[in-house]
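Counting from 205, one number per residue, gives the positions in the first sequence under our numbering. Ideal Cβ placement from N, Cα and C applies to all residues, glycine included. This one's a predicted model, so the numbers in the text were calculated from it and none came from an experiment.
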Amino acid sequence: MARILITSALPYINGIKHLGNLVGSQLPSDTYARYMRARGHEVMYICATDEHGTPAEIAAAKAGKPVAEYCAEMHEVQAELARGFRLSFDFFGRSSSARNRQLTQHLAKRLGENGLIEVVTEKQVYSKADGRFLPDRYIEGTCPNCGYDSARGDQCENCTKQLDPTDLINPRSAISGSTDLEVRETKHLFLRQSKLRDRLDAWIDSKKDWPILTTSIAKKWLHDGDGLQDRGITRDLDWGIPVQFPGAPWEGMEGKVFYVWFDAPIEYIGATAEWADANGLDDSAWERWWRTDKGADDVRYVQFMGKDNVPFHTLSFPATLMGSEEPWKLVDYIKSFNYLNYDGGQFSTSKGRGVFMDQALEILPSDYWRWWLLSHVPENSDSEFTWENFQASINKDLADVLGNFVSRVTKFCRSKFGEVVPEGGAYGAAEQAVIDEISTRLAAYQAHMEAIEIRKATAELRAIWAVGNEYLQEAAPWAVFKTDPERAGAIIRFALNLIRLYAVLSEPFIPDASRAMLDAMKTDVRDWPGDVSAALAELKPGHPFSVPEVLFAKITDAAREEMEERFKGR
RNA sequence: GGGCCUGUAGCUCAAUUGGUCAGAGCAGAGCGCUCAUAACGCUUUGGUUGGGGGUUCGAGUCCCUCCGGGCCUACCA
Numbered sequence: 205m206a207r208i209l210i211t212s213a214l215p216y217i218n219g220i221k222h223l224g225n226l227v228g229s230q231l232p233s234d235t236y237a238r239y240m241r242a243r244g245h246e247v248m249y250i251c252a253t254d255e256h257g258t259p260a261e262i263a264a265a266k267a268g269k270p271v272a273e274y275c276a277e278m279h280e281v282q283a284e285l286a287r288g289f290r291l292s293f294d295f296f297g298r299s300s301s302a303r304n305r306q307l308t309q310h311l312a313k314r315l316g317e318n319g320l321i322e323v324v325t326e327k328q329v330y331s332k333a334d335g336r337f338l339p340d341r342y343i344e345g346t347c348p349n350c351g352y353d354s355a356r357g358d359q360c361e362n363c364t365k366q367l368d369p370t371d372l373i374n375p376r377s378a379i380s381g382s383t384d385l386e387v388r389e390t391k392h393l394f395l396r397q398s399k400l401r402d403r404l405d406a407w408i409d410s411k412k413d414w415p416i417l418t419t420s421i422a423k424k425w426l427h428d429g430d431g432l433q434d435r436g437i438t439r440d441l442d443w444g445i446p447v448q449f450p451g452a453p454w455e456g457m458e459g460k461v462f463y464v465w466f467d468a469p470i471e472y473i474g475a476t477a478e479w480a481d482a483n484g485l486d487d488s489a490w491e492r493w494w495r496t497d498k499g500a501d502d503v504r505y506v507q508f509m510g511k512d513n514v515p516f517h518t519l520s521f522p523a524t525l526m527g528s529e530e531p532w533k534l535v536d537y538i539k540s541f542n543y544l545n546y547d548g549g550q551f552s553t554s555k556g557r558g559v560f561m562d563q564a565l566e567i568l569p570s571d572y573w574r575w576w577l578l579s580h581v582p583e584n585s586d587s588e589f590t591w592e593n594f595q596a597s598i599n600k601d602l603a604d605v606l607g608n609f610v611s612r613v614t615k616f617c618r619s620k621f622g623e624v625v626p627e628g629g630a631y632g633a634a635e636q637a638v639i640d641e642i643s644t645r646l647a648a649y650q651a652h653m654e655a656i657e658i659r660k661a662t663a664e665l666r667a668i669w670a671v672g673n674e675y676l677q678e679a680a681p682w683a684v685f686k687t688d689p690e691r692a693g694a695i696i697r698f699a700l701n702l703i704r705l706y707a708v709l710s711e712p713f714i715p716d717a718s719r720a721m722l723d724a725m726k727t728d729v730r731d732w733p734g735d736v737s738a739a740l741a742e743l744k745p746g747h748p749f750s751v752p753e754v755l756f757a758k759i760t761d762a763a764r765e766e767m768e769e770r771f772k773g774r
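In structure tokens form, the structure reads like this:
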């Protein structure tokens with residue numbers, strides 16, 4: 205038994221996430237966590253809301269609420285959606301927690317003591333009307349290069365030219381539209397990542413098995429131009445983790461907070477500590493996952509994230525932990541994902557384009573979404589959601605191949621033998637062939653899950669389901685029953701056992717349907733099959749079962765067209 | 001501008017890292033079955049692997065070039 209620490213990238217607090225966000229980290233990490241638990245490993249699966257930063261303050265202001273209250277509410281909303289999608293976090297924390305504040309301040313202090321923090325005076329644009337410093341992106345104006353009138357302070361979206369906020373003609377606040385802006389001096393802490401470059405470089409080099417998407421981004425940042433740049437880790441905001449605290453080694457940091465990207469990954473640790481608190485456990489309970497001097501040296505730590513998160517997880521966060529010179533557990537494997545597009549374009553919150561998590565659950569049960577998203581997860585390149593593809597996958601894979609198999613077996617048995625596993629007859633060559641094929645495919649399925657090749661795993665799982673239909677066609681119990689009812693009974697006994705096995709193997713992907721299948725088989729035996737032959741003898745003759753409701757209803761053309769229309773955006 | 005990824009049957013994807021006639025699923029066609037959600041099974045039609053050039057005994061895979069798609073580029077998170 206291994207110990208596996210799994211973290212999903214933290215969803216940002218300012219609103220409900222769309223399916224692209226879901227598939228980029230939370231969903232695949234959940235499947236991986238469920239699989240590893242099913243295999244008997246000890247798993248700690250952590251996620252949290254990322255609550256600090258300018259967008260949170262703006263969203264709260266827009267909602268007319270204090271930011272703390274807004275975040276508390278949105279955290280609950282996101283937690284509820286996570287439950288709706290059956291995300292099996294051991295803990296869903298908050299980056300604004302006391303634990304994270306403590307840890308973030310502690311790590312910053314350590315970095316300071318180790319000479320890795322520098323105070324830098326910068327000039328930044330301040331908006332009097334908004335009463336805040338504006339990040340470059342929050343300043344808009346006319347592009348000096350192409351004349352586009354909504355260029356952002358960091359880059360013009362129209363001509364793609366890199367800009368400095370002071371380059372803009374007629375600059376204005378993107379928040380209020382105010383033109384009452386001025387450049388002010390402000391002091392910030394910088395993390396001297398450049399001093400850690402060689403250590404980070406060697407560390408990345410040692411990760412031979414990481415996806416190219418992960419390492420190439422890290423390498424680019426390490427070696428591009430002058431190499432890894434120092435990075436500001438504080439901001440002039442109200443909402444966040446205070447930089448000035450008892451024992452802080454810096455003066456003049458009153459009213460400043462740590463940059464959201466500094467404290468967000470630390471919340472992986474913070475949330476594990478929150479988990480311990482919530483369960484009445486002491487510090488050793490979470491430290492054995494995170495401190496290599498306190499038991500974490502045998503932990504395998506796997507992170508899941510979208511590609512936009514890679515630099516922070518390959519460089520900034522490791523720099524924070526390494527620079528502390530304390531024995532923190534570093535990530536062992538980073539699984540990064542590309543983006544999911546929506547029907548020929550991007551998901552867009554502002555344009556109401558695409559399906560968001562709350563809407564998805566209103567329309568269809570979570571298993572439908574889980575199955576489609578996981579079987580199309582953008583592992584190798586960006587992938588695309590289309591309603592036609594979604595409808596075809598659900599109807600064929602879930603309704604026809606799996607759902608209908610359960611239906612035909614249970615209904616046939618009920619009509620010929622009643623709602624109990626039939627007695628009599630014996631297994632023969634046909635059953636052995638099925639055992640052999642499933643054993644082979646199971647080994648492939650497991651190998652794909654170990655390698656976190658989610659798409660390949662779904663293809664193999666589907667093939668395992670299809671074996672059931674092939675077997676039934678070949679064995680033809682409806683014909684055999686007329687001449688040899690005992691043999692027909694054996695066939696159905698075997699098929700009912702297949703249903704139970706499918707429930708066990710499918711659980712990481714479609715947990716609700718898995719539960720429904722186990723309930724129908726009136727069993728709670730869901731041990732991972734070490735031996736397929738034994739697993740298919742679990743339900744004994746005379747064991748009762750029930751015919752379940754339709755496991756997966758088909759999506760009609762009319763329903764598909766309606767949804768297509770509803771989510772196409774403005 | 002720079003960097004990275006990507007282009008394989010109508011669609012969604014594979015191809016043991018340079019090695020048999022490039023494979024699956026869906027869609028299409030034909031046959032079979034009738035237990036089942038008009039479901040299932042079997043057979044089958046589709047590809048000069050974006051174009052061109054090169055290296056090699058051998059290229060989807062490596063190199064060059066052109067064309068198309070995408071991402072990142074450090075103050076959004």
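Check	Outcome
Look at the alpha carbon of W414 and the alpha carbon of S292, and state the distance between them as a whole number of angstroms.	25 angstroms
Return the chain-ordered ranges of every alpha helix (DSSP H) run that is complete within the segment 489–561 and spans a minimum of 4 residues.	521–527
Go ahead and pull the three-state DSSP assignment for V751.	coil
Since E322 sits in a beta bridge, which residues does DSSP pair it with?	F394
I need the boundaries of the beta strand (DSSP E) containing C251, first residue and last residue.	E246 to T253
What does H222 pair with, by DSSP beta-bridge criteria?	F560
Pairs of beta-carbons, one from the segment 740–758 and one from the segment 617–625, closer than 8 angstroms: are there three or more?	yes
Within its chain, find whatever has a CB closer than 6 angstroms to the CB of V535; leave out the 5 residues flanking it on each side and keep chain order.	Y505 and Q507
Per DSSP, I343 is paired with what?	S377
Determine the DSSP secondary structure at P446, reduced to helix, strand or coil.	strand
Reducing DSSP to helix, strand and coil, say where R356 ends up.	strand
Restricting to Cα atoms, I'd like to know which of I379, G558, S301 and V736 is closest to L646.	V736
With a threshold of 6 angstroms on Cβ separation, who are the neighbours of V464 within its own chain once the five nearest residues in sequence on each side are excluded?	H256 and G257
To which residues of the same chain is L372 closer than 8 angstroms at the C-beta, ignoring the five residues directly before and after it?	I343, E344, G345, T346, C347, P348, A355 and G357
Taking one C-beta from the segment 293–301 and one from the segment 455–475 each time, how about it: are there three or more such pairs within less than 8 angstroms?	yes
Run through the DSSP bridge pairs and tell me what E389 is partnered with.	K327
DSSP state of V625, grouped into three classes?	coil
Tell me, which residues are paired with S212 by DSSP?	F508
With contact counted as at least three CB pairs below 8 angstroms, one residue from each stretch, are the segment 310–318 and the segment 447–456 in contact?	yes
Use the C-beta contact count for R427: other C-beta atoms within 10 angstroms, 16 or more gives buried, fewer gives exposed.	First, the amino acid is wrong: residue 427 is His here, not Arg. When all chains shown are included, H427 counts as exposed.
Does DSSP put T438 in a helix, in a strand, or in coil?	strand
Buried or exposed for L485, please, with buried defined as at least 16 other CB atoms from any protein chain shown within 10 angstroms of its CB.	exposed
For the pair the segment 582–599 and the segment 536–548, tell me if three or more CB-CB distances fall below 8 angstroms.	yes
When you compare only the Cα positions, how much space is there between H245 and S212?	18 angstroms
With DSSP run on the structure shown, which of helix, strand or coil describes R243?	coil
Whole alpha helix (DSSP H) runs in the segment 607–669 with 4 or more residues, listed along the chain?	608–621 and 633–654
Could you say if the segment 568–576 and the segment 715–724 meet the contact criterion of at least three C-beta pairs nearer than 8 angstroms?	yes
Take every Cβ of the segment 669–676, pair it with every Cβ of the segment 692–711, and state whether three or more of those distances are shorter than 8 angstroms.	yes
Among all the DSSP beta bridges, which residues are the ones paired with F289?	None; F289 has no bridge partner.
Please report the straight-line C-alpha distance between V800 and K600, rounded to a whole angstrom.	Residue numbering for the chain in the displayed model covers 205 to 774; residue 800 lies beyond these limits and cannot be assessed.
Put F685 into one of helix, strand or coil per three-state DSSP.	helix
Quick check: what's the CA-CA separation for P270 versus Q359?	31 angstroms
Please state if the CB of M248 and the CB of W532 are separated by a distance shorter than 8 angstroms.	no
Cα-Cα, which of F521, L367 and A633 is closest to A694?	A633
DSSP puts Q366 in a beta bridge; with which residues?	Q359
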